[in-house]
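Chemist: Encoded as structure tokens, here's the structure I'll be asking about.
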Amino acid sequence: MLRDTARQVAQDNFAPKAAYHDATSEFPRDNVRIMAQNEFFGVPFPTEYGGVGADYLSYALIEEEISRACATTGVIYSVQISLAAMPICNFGNEEQKERFLKPLIKGDMLGAYALSEPSNGSDASAGRTSATDDGDHYIINGTKNFITNAIEADTYVVYANTNFDLGHKGMIAIVIEKGTPGFTFGKLEDKMGIRASATAELHFDNCRVPKANVLGDVGHGFKIALATLDGGRIGIAAQAVGIAQAALDLAKKYSQERMAFGKPISDKQAIQFMLADMATNIEAARLLTWRAAWIKDQGQRYTKEAAMA
59 MLRDTARQVA
69 QDNFAPKAAY
79 HDATSEFPRD
89 NVRIMAQNEF
99 FGVPFPTEYG
109 GVGADYLSYA
119 LIEEEISRAC
129 ATTGVIYSVQ
139 ISLAAMPICN
149 FGNEEQKERF
159 LKPLIKGDML
169 GAYALSEPSN
179 GSDASAGRTS
189 ATDDGDHYII
199 NGTKNFITNA
209 IEADTYVVYA
219 NTNFDLGHKG
229 MIAIVIEKGT
239 PGFTFGKLED
249 KMGIRASATA
259 ELHFDNCRVP
269 KANVLGDVGH
279 GFKIALATLD
289 GGRIGIAAQA
299 VGIAQAALDL
309 AKKYSQERMA
319 FGKPISDKQA
329 IQFMLADMAT
339 NIEAARLLTW
349 RAAWIKDQGQ
359 RYTKEAAMA
């Protein structure tokens with residue numbers, strides 16, 4: 059039922075505007091509002107925080123349908139659920155869940171995940187963003203890049219290091235809010251696709267953030283980053299399946315409309331072979347994604363399966 063609802067909502071509201079948003083890079087704020095109205099942001103979260111109380115597989119199904127209609131909206135949804143809200147749900151304290159998780163689930167806040175840096179990509183252990191102790195605050199300095207939802211988000215889960223001598227054992231995950239002094243944005247990235255997802259750099263210049271915003275314990279940032287990325291890979295896998303399915307849908311439609319020598323090219327066995335191979339590969343990718351989500355829902359380790367998906 060959730061999947062059918064998501065498909066209907068996405069095809070009716072997101073698909074007709076997908077090409078426009080990709081061509082103009084205009085952030086689809088209306089789509090965010092529609093996802094919030096349909097409680098999509100709350101799907102895999104406990105009801106006690108305003109969530110739907112469904113499982114991660116349900117989230118993957120909805121992610122696929124949204125991405126099938128609009129790839130940009132799919133990545134916005136994926137980041138909101140698996141990279142921004144989920145680490146707060148899994149590692150935040152009750153006060154943090156009240157301040158950040160509940161508004162993210164309701165759609166009153168949009169979130170972002172800030173791990174990647176210009177010099178190290180997404181190598182979680184090699185970040186150079188620093189967090190200097192300053193009483194009941196940390197002073198954050200550094201740059202994050204290729205951050206989805208960057209300019210449009212309200213809260214950011216940022217990874218920084220309190221002591222580089224400790225390597226990844228000095229890392230923290232800390233929530234930083236838009237408007238915090240010393241926190242600014244770079245220019246929007248001009249990408250080849252998924253152009254409307256507000257991807258940009260984040261700059262922190264002596265940005266003073268309360269220690270109360272640290273998720274989990276000091277030194278656990280690396281663990282939080284890796285655990286979060288495992289769940290994120292399932293979301294990105296579902297997104298890729300949705301995009302691939304949309305491509306197959308269009309290819310099948312075109313093959314039935316394109317005429318050659320008085321017949322649609324879909325009658326040609328060579329075309330049928332290509333479509334059959336596409337359908338098989340997509341179904342295999344879909345099953346890998348579902349399997350990873352199902353294993354996660356059983357409470358078992360799913361790192362390998364998420365990477366495979």
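Each residue of the sequence shown is one higher than the one before, counting from 59 in the working numbering. Quick reminder that beta carbons are idealized off the backbone N, C-alpha and C, glycines included.
On the criterion of 16 or more Cβ atoms from any shown chain inside 10 Å, does residue 362 qualify as buried, or is it exposed?
Modeler: Exposed.
Chemist: Under 8 Å between the Cβ atoms of residue 213 and residue 167?
Modeler: yes
Chemist: From this set, 82, 327, 267 and 95, which residue's C-alpha is nearest residue 64's C-alpha?
Modeler: 95
Chemist: Where are the beta strand (DSSP E) runs, 3 residues long or more, that stay fully inside the stretch 192–271, in chain order?
Modeler: DSSP runs (the beta strand (DSSP E)) wholly in the stretch 192–271: 195–205, 213–219, 229–235, 241–246 and 258–268.
Chemist: The beta strand (DSSP E) with residue 360 in it runs from where to where?
Modeler: No beta strand (DSSP E) contains residue 360, which DSSP labels as neither H nor E.
Chemist: Residues in the same chain with beta-carbon distance under 6 Å from residue 165, minus the five sequence neighbours each way, listed in chain order, please.
Modeler: Here the set comprises 94 and 99.
Chemist: Output the distance between the C-alpha atoms of residue 163 and residue 182, rounded to the nearest integer angstrom.
Modeler: 26 Å
Chemist: So residue 293 is in the alpha helix (DSSP H); what residue range does that whole segment cover?
Modeler: 279–315
Chemist: Residues in the same chain with beta-carbon distance under 6 Å from residue 235, minus the five sequence neighbours each way, listed in chain order, please.
Modeler: 213
Chemist: How many angstroms separate the CA atom of residue 350 from the CA atom of residue 144?
Modeler: So the two alpha carbons sit approximately 16 Å from each other.
Chemist: Would you kindly work out how many angstroms separate the C-alpha atoms of residue 293 and residue 320, rounded to a whole number?
Modeler: For residue 293 and residue 320, the distance between alpha carbons rounds to 43 Å.
Chemist: Kindly indicate which three-state DSSP category residue 97 falls into: helix, strand or coil?
Modeler: coil
Chemist: Residue 250: which of 62, 71, 82 and 75 sits nearest, CA to CA?
Modeler: Nearest option by C-alpha distance: 82.
Chemist: What separation, rounded to the nearest whole angstrom, lies between the Cα atoms of residue 332 and residue 106?
Modeler: 48 Å
Chemist: Check residue 273 in the structure and name its three-state DSSP category.
Modeler: Under the three-state reduction of DSSP, residue 273 is assigned to strand.
Chemist: In this structure, what does DSSP give as the bridge partners for residue 188?
Modeler: For residue 188, the beta-bridge partners assigned by DSSP are 199 and 219.
Chemist: Exposed or buried, which one is residue 338 when buried takes at least 16 other CB atoms within 10 Å?
Modeler: exposed
Chemist: Residue 179 by DSSP, collapsed to three states: which one?
Modeler: strand
Chemist: On a CA-only basis, which of 219, 359 and 300 is nearest residue 184? Give me that one, please.
Modeler: 219
Chemist: With H, G and I counted as helix, E and B as strand and the rest as coil, what does DSSP make of residue 337?
Modeler: helix
Chemist: How long is the line joining the alpha carbons of residue 111 and residue 305, rounded to whole angstroms?
Modeler: 32 Å
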